[in-house]
Amino acid sequence: MILPALIIVLCLGAFAAWFSERKNPGAPRWVAIITLAIEAPLLAVEYKKTELIDIFSTNILPTWLDDFNRSWIPRFGIGFHLAMDGLSLLLIALTVLLGFMAVSSSWTEIKNRQGFFFFNLLTCLAGTVGVFLAVDLFLFFFFWELMIIPMYFLISIWGHENRTYAAIKFVIFTQVSSLLLLLAIVVLALISHKQSGVYTFDYFKLLNTKINPDVAFWLMLGFFIAFTVKLPAVPFHTWLPDAHTQAPTGGSVILAGVMLKTGAYGLLRFVIPLFPEAAHQFAPIAMTLGAVSVLYAAMMAFAQSDLKRLIAYSSVSHMGFILIGVFSWNTFSMQGAVITMLAHGISAAALFMIAGALQERLHTREMGRMGGLWSALPRLSAFALFFAMASLGLPGLGNFIGELLVLLGAFKVNALLTSATALALILAPVYSLGIIQKAFHGPLQNQPALSDFNRRELASLALLVLASLWLGLCPQPVLDISAPALKQVWSDNVAMEH
Amino acid sequence: MNSNQLAALAPIITLTIATIAVMLSIAIRRNFVLASNVAACGILISLPALGIAWQQSPIQSTLLIRVDSYVLFFMALLLLAGLAVLGFCYDYFKKREGENEELLLLLLTSLLGASVLVASSHFAAFFLGLETLSISLFTLIGYPLNREQPLEAAIKYLILSGVSSAFLLMGMAFIYAQSGELTFSGIGHFITSQPAMNPMILSGIILIVAGLGFKLSLVPFHLWTPDVYEGAPAPITAFIATVSKGAVFVLLLRFFISSGSHANTSLLNVFSVIAVISILAGNLLALLQNNVKRLLAYSSIAHMGYLLVAFIASSSIAPALAVESITFYLVAYFITTLGALGVVSVLSTPQTEAGDIAIYSGLFWRRPWLAGAFTLMLLSLAGIPLTAGFIGKFYIFTSGADARLWGLLIAIIVGSGLGLYYYLKIIVVMSMNVDATVIKSEEFSREWISSSILATLSLLIIWLGIYPNQIVNLLQTVSNTIR
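This is how it looks when you write it as structure tokens:
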């Protein structure tokens, strides 16, 4: 019962936040904090179960920590089927952590209609948690679509000057690609129906479907496009800089920290296990797209003058590593992809929080109008330096471990591509240090007195600093939790490599 | 005719009696409230009469009318839609000066026409039903006599409807000339007995499709739609969009399945072309609109295109699944369209229609519940989960994918992407911030009937979107009876 509770608590909290505004305009943010605080012990219970799993067991089933299955639409064999393994546990933990950060960064930024804001924030988180838990493909799609609409409202109501354009672009990109996903899911279910005579959308049953290679390629492409639009990888990335730039800070934190990860999660959970042969054939193209994303987005990041846009492009660049990692087809690179997902979630969220804090104080995102802030805002600047270092892949921090593992795994598969991607280790410092130099060094521009980070902001960012250090210094627990899940993704496909 | 056959006609008879009762009540005392109550009671009594007919079904009652659960289900849907429109009409017209009572009479006659239309199994009943429906609609569209736009819309509809009826009659004549049959099943027998499709029959069927295409506003025949949607009073627009189009689509499906002519390749090509251009043209033209009613008109053109995809699929997959898909989509479309145009109707006054998108700006902060309901309806039209529209779209995808209609499915995906843009445009306008002065100066009368209908429709949309089991089971039994 814990799995549905994870979703239901967030939904109930969302409505409570909305209605609490009538009593007291400041109440919704507290309701949101309390809701997230209830999520944490639920997750801790699930975490306890990871200890029971033997990493070296050969059996597939024990990788799942928990399972919840109820019939939903029996006509089509659709079930309300949730299940959690180590991968979903880690990503939900990230979701809850960044949920706190999103609430914290919206604490004073959102002044109008707080009730509806936190309603959307929490329903968006509920949809994301649902995506990480659903193992019925129809249910997965349901949540996949569901998280888009609240995010749309977050951008279009509380966003910045060009919010309408950005919000609509975001929805249309994700929606059109997700209709391809729906089509692929339906065709997959129909193929399974032809073979077994019963309709089912259940992940575990569909895994055994025998698909003609040509059809499998097209179905895989449907899934792949939907997930790489969300990820995003290069030809489909153009919605992201707009959405990020215009979103309120809380929205950016969720978008960069959690929502982008749903794309990577979909690749790991669905594309590879469901269509191993097709995905394996497609791997060189996917890895090339990943490498192009890494390099192109890093160069684009360098060319930006808008701070949030720069961070958005750096996200695209980091997501390229994940694409390479997932499609390199070995344990190293997949583990690296998972660590990158978590580490980037933390560092990008922190950078967006800092950008949001700067915008709240300076009313601009233009780095040309910043400069010399170190003397005015020493605490904020120190955090900015720390997370810029995290983003550029400084050893000792999470991103380094993730990217190193990805490159290590990918080198065995495609040395040339990996070497090219490794150039990003030069480009990332260029744009990351560019932020520090343009915004924080140099002479202080004529600014009215600025208030440095208060306790709330300090506490939030300090938490993220600790998380990033923990991931960087002792990643082994995380690797242990995700290993059984990845092993399952991968074990079916070991044969393919040889 | 025996007593069972008579009992099967109970809903139609009740509706006729109700119409006469409304007419008499107007003759005795001209009172809008009284007449509305009589009309509403008439519809409400017709609903249990469906139960009497259900016990007799399936039954061929006279040569003209066939009553089976498919027919009864749609009669119930039409009557409920009629009831909702009646509620909207009450709130809309009670503020209007002048004689409004005949409106209710016309509403009942058009419902009667629609009911006969869905039950017809013979060209005579088909034509009678369609004309009863259309002739009532001309008057309903032009009912606010003192305004220019409704009159223009009514005349446009009158002329184009006349043309389409001429097409229809010509088509029937062609078919009759060749086969000597007027019943749908007789035509079916004639077609199957022929080695190849008779060109005369084929052109007859195509003429009928053209005639029905006018009523459904499929693309080459859609030109009246935006003007009529814009000009007609908002509740009447809702009536045309749901009852009139729905009944015609139900008949189209019945005709093609009974006559067995839907498997013909050249006809399928015609339908495929119509579907694709309806989806694309409807959505593209909707992008250009700044009037909510015109926008909904173009979006309804696109939705009819989506429905046609499932209709085309019915030729190559198990007809029960296709019929189930069409039925579910129609139910979702009915609820959503009634809701969307119901909101327009609540915002309209007899003097001005709430067409201009500027009227909606900041609606979220002025009338949150109304804006919330409208948002829900628009999301359902766009096919977003949690709403009935999503399950409907899922059904269409399933039918289309089962029949391997990849080109049509791509058209749906492109169309949905375009559709999102203009649905979201309305939501954006509704969520814009407006000056406090505008809010203060506005006063609105509370319309309890419309509000409760909108609340019911919203709940239905969410219920069907989250837990559609009951209705899906019902539709499965319904769609198995059609032949």
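Chains as they are written, first to last, in my numbering: chain A, 2 to 499; chain B, 18 to 500. Glycine included, each C-beta is placed from N, C-alpha and C at the ideal position. Nothing here was measured: the structure is a model prediction, and the numbers come from that model.
#1: Taking Ile35/A as the reference, which of Ala486/A, Leu180/A and Ser105/A has the closest Cα?
#2: For Trp73/A, decide whether its Cβ has a neighbour in chain B, counting only Cβ atoms nearer than 9 Å.
#3: Under 8 Å by Cβ, that's how I've got Val136/A and Ile93/A pegged, so tell me the actual separation to the nearest angstrom.
#4: Quick one: Cα of Ala194/B to Cα of Asn215/B, how far?
#5: Suppose only complete runs of 4+ residues qualify. What are the alpha helix (DSSP H) ranges in the stretch 311-369 of chain B, listed by chain order?
#6: Quick check: the stretch 98-112 of chain B against the stretch 55-66 of chain B, are there 3 or more CB pairs under 8 Å?
#7: Taking beta-carbon pairs under 7 Å, can you tell me which members of the stretch 169-195 of chain A lie near chain B?
#8: Counting pairs of beta carbons, one from the stretch 310-318 of chain B and one from the stretch 227-246 of chain B, are three or more of them closer than 8 Å?
#9: Of the residues Phe207/B, Ala251/B, Gly205/B and Ser261/B, which one's Cα is nearest the Cα of Phe231/B?
#10: One question on the structure: do Ser137/B and Arg83/B come within less than 9 Å of each other, judged by their Cβ atoms?
#11: Suppose the cutoff is 6 Å on Cβ atoms and the five residues either side in sequence are ignored; what does the same chain contact list for Ser329/A look like?
#12: Exposed or buried, Asp419/B, counting other C-beta atoms within 10 Å across all chains shown (16 or more means buried)?
#13: Identify the contact partners of Thr353/B in chain A, using a Cβ-Cβ distance below 9 Å as the criterion.
#14: Could you say which of Ala257/A, Ser306/A and Val490/A lies nearest to Val317/A if we only look at CA atoms?
#15: In chain order, which alpha helix (DSSP H) runs of at least 4 residues are fully inside the stretch 147-199 of chain A?
#16: Return no unless some Cβ of chain A is closer than 9 Å to the Cβ of Lys457/B.
#17: Please check if any C-beta of chain A sits within less than 9 Å of the C-beta of Phe407/B.
#18: If we call anything under 9 Å between Cβ atoms a contact, is Ala258/B one with Thr344/B?
#19: Drop a sphere of 10 angstroms on the beta-carbon of Ile504/B, count the other beta-carbons inside from all chains shown, and report buried for 16 or more, exposed for fewer.
#20: Going along the chain, which residues of its own chain have a beta-carbon closer than 8 Å to the beta-carbon of Ser483/A, five neighbours each way excluded?
#21: Could you confirm whether any beta carbon from chain A is found closer than 9 Å to the beta carbon of Thr415/B?
#22: Have a look at Pro214/A and Ala280/A and give me their C-alpha separation to the nearest angstrom.
#23: Given that a residue counts as buried once 16 or more other Cβ atoms are within 10 Å of its Cβ, and exposed if not, what is Leu62/A?
#24: Just confirm the distance between the C-beta atoms of Ile3/A and Glu47/A, as a whole number of angstroms; I'd bet it's less than 8 Å.
#25: Taking DSSP as the reference, what is the three-state secondary structure of Ile79/A?
#26: Looking at chain A, is there any beta carbon in it that lies within less than 9 Å of the beta carbon of Ala292/B?
#27: For Tyr438/B, which residues in chain A fall below 7 Å Cβ to Cβ?
#28: In three-state DSSP terms, what is Glu464/B?
#29: Can you give me the Cβ contacts of Ser42/B inside the same chain, cut-off strictly under 7 Å, excluding the 5 residues immediately before and after it?
#30: Verify the CB distance criterion: does Asn486/B have a CB-CB separation below 9 Å to chain A?
#31: Taking 9 Å as the cut-off, decide whether the C-beta atoms of Gly372/A and Ala440/A are in contact.
#32: If we require 4 or more residues per run, which alpha helix (DSSP H) segments fall completely within the stretch 221-251 of chain B?
#33: What distance in whole Å lies between the Cβ atoms of Leu138/A and Gly14/A, which are believed to be in contact at a cut-off of 8 Å?
#34: Apart from the five residues on each side of it in sequence, which residues of its chain come closer than 8 Å, Cβ to Cβ, to Leu124/B?
#35: Report the rounded CA-to-CA distance for Pro5/A versus Ala38/B, giving the unit in angstroms.
#36: Which bits of chain A does Leu491/B rub up against, with CB to CB less than 8 Å?
On the basis of the supplied data:
#1: Ser105/A
#2: yes
#3: About 14 Å; that fails the 8 Å criterion.
#4: 12 Å
#5: 336-364
#6: yes
#7: Ile169, Val172, Ile173, Gln176, Val177, Leu180, Leu181, Leu183, Leu184, Val187, Val188 and Leu191
#8: yes
#9: Ser261/B
#10: yes
#11: Gly410, Ala411 and Val414
#12: buried
#13: Near Thr353/B there are no residues of chain A at all, since even the closest Cβ is about 16 Å away, more than 9 Å.
#14: Ala257/A
#15: 149-159 and 164-197
#16: With a pLDDT of only 47 at Lys457/B, under the threshold of 50, the placement of this residue in the model should not be trusted; the figure read from the coordinates follows. False, the Cβ-Cβ gap to chain A never drops below 9 Å.
#17: yes
#18: no
#19: In the structure as shown, chain B starts at 18 and stops at 500, and residue 504/B therefore has no counterpart that could be examined.
#20: Gly87, Leu88, Leu91, Gln336 and Val339
#21: yes
#22: 11 Å
#23: Low local confidence applies: a pLDDT of 49 at Leu62/A is under 50, so the model's placement there is unreliable, and no value is given.
#24: 6 Å
#25: strand
#26: no
#27: Ile169 and Ile173
#28: coil
#29: Leu51, Ala52 and Val55
#30: yes
#31: yes
#32: 242-248
#33: The pair is not a contact, with the Cβ atoms about 27 Å apart (cut-off 8 Å).
#34: Ala56, Gly99, Val102, Leu103, Cys106, Ser153, Leu157 and Phe256
#35: 54 Å
#36: Under the 8 Å cutoff, chain A gives no residues; its nearest Cβ is about 11 Å from Leu491/B.
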